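Note that the sequence shown covers residues 122 to 398 in this note's numbering.
All C-beta atoms in this analysis are idealised placements derived from N, C-alpha and C, irrespective of residue type, glycine included.
Predicted model only: the values in this text are computed from it and were never measured.
Heads up: the structure comes next, in structure tokens.
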Amino acid sequence: MGADKVVASAAEAVADIGDGASLAVGGFGLCGVPAVLIEALYERGATGLRVVSNNCGLDGRGLGRLLAAGRIARAMGSYVGENKEFARQYLGGEIEVELMPQGTLAERLRAGGSGIPAFYTPAGVGTLVAEGGLPWRYAPDGSVAVASPPKEVREFGGRSHVLEEAITTDFALVRAAKGDRHGNLVFDKAARNFNPLCAMAGRVTVAEVEELVEPGAIDPDHVHLPGVFVQRVVPLTPEQAADKPIEKRTVRSGEPTARSEEPTVRSDERTVREVRD
């Protein structure tokens with residue numbers, strides 16, 4: 122029998138995340154983001170955090186909450202996106218940022234969780250990713266205060282590859298659609314992008330789950346992430362599980378259909394079709 126990993130609250134689940142901790146945080150934009158755990162960490166007051174995530178949320182949402190409060194000292198990711206505060210802090214020299222190709226980020230997390238110390242990839246060869254010089258931190262006057270170092274490049278099969286090191290973190294925060302008491306998780310659609318990889322990379326992984334089920338309720342063939350990678354499970358309330366804001370609304374152009382439907386409004390996690398009465 123596996124251990125029951127359910128904890129009573131998000132606050133309890135993040136209580137030992139202290140100043141300067143490194144975190145791998147799942148999600149993409151606002152899709153699959155462990156917002157409840159992030160909010161609990163915000164309330165805890167931990168600062169000087171070193172975050173690994175595809176992006177840093179939006180202004181006031183997701184990791185954007187910690188960012189706006191000045192709690193993040195360093196961020197590793199592949200996308201600044203439309204978070205104006207993230208861009209402002211980076212260009213103003215208030216935060217150190219290591220950007221990398223998105224596939225490289227994913228593989229560095231996966232490698233860390235798999236015990237692989239490093240790997241070679243062709244992505245980034247011939248650019249500052251391999252040659253060094255990417256601005257990690259700017260000085261107040263706009264000059265580069267800290268730049269990325271050059272990386273080892275080797276040839277395999279007549280093609281150059283750059284050496285990338287694996288990523289592991291002190292903690293990982295992820296969100297799953299379903300999970301059992303042993304930590305086995307199932308992710309919904311695009312939320313399966315970075316969440317499993319971040320969970321693998323964390324030494325202590327905390328998962329907030331929209332639906333908690335008993336062990337055995339999930340078909341083993343349907344498990345996306347085995348419980349061996351998860352140490353704590355936080356079940357969400359129905360209200361918390363339903364809180365999924367739309368990151369950016371876009372409207373499809375074209376004439377209404379024969380059913381007199383309005384244009385489709387798309388989001389990261391769902392499509393909302395508004396129909397005239």
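| query | result |
| --- | --- |
| For P317 and S235, the rounded distance between their alpha carbons | 12 Å |
| Local Cβ density within 10 Å of K126, reported as buried at 16 or more and exposed below that | buried |
| Pair within 8 Å by beta-carbon distance, H282 and V307 | no |
| Beta-carbon gap between L294 and V330 smaller than 8 Å | no |
| Cβ-based burial, L64 [other Cβ within 10 Å; buried from 16] | Since the displayed the chain opens at 122 and closes at 398, residue 64 lies outside it and no answer follows. |
| Beta-carbon proximity list for S388, same chain, < 6 Å, skipping 5 on both sides | Because the pLDDT at S388 is just 42, under 50, the model does not fix this residue reliably, and the point stays unresolved. |
| Residue nearest to G338 in terms of C-alpha spacing, selected from E360, D301, R280 | Checking the sequence, you will find Ala at residue 338 rather than Gly. When each option's Cα is compared against that of A338, the closest is D301. |
| Which of helix, strand or coil DSSP assigns to G278 | coil |
| C-alpha gap between A311 and C177, whole angstroms | 17 Å |
| Those residues which DSSP pairs with F197 across a bridge | Looking at the sequence provided, one finds Met at residue 197 rather than Phe. The partner list for M197 (beta bridge, DSSP) reads V173, E219. |
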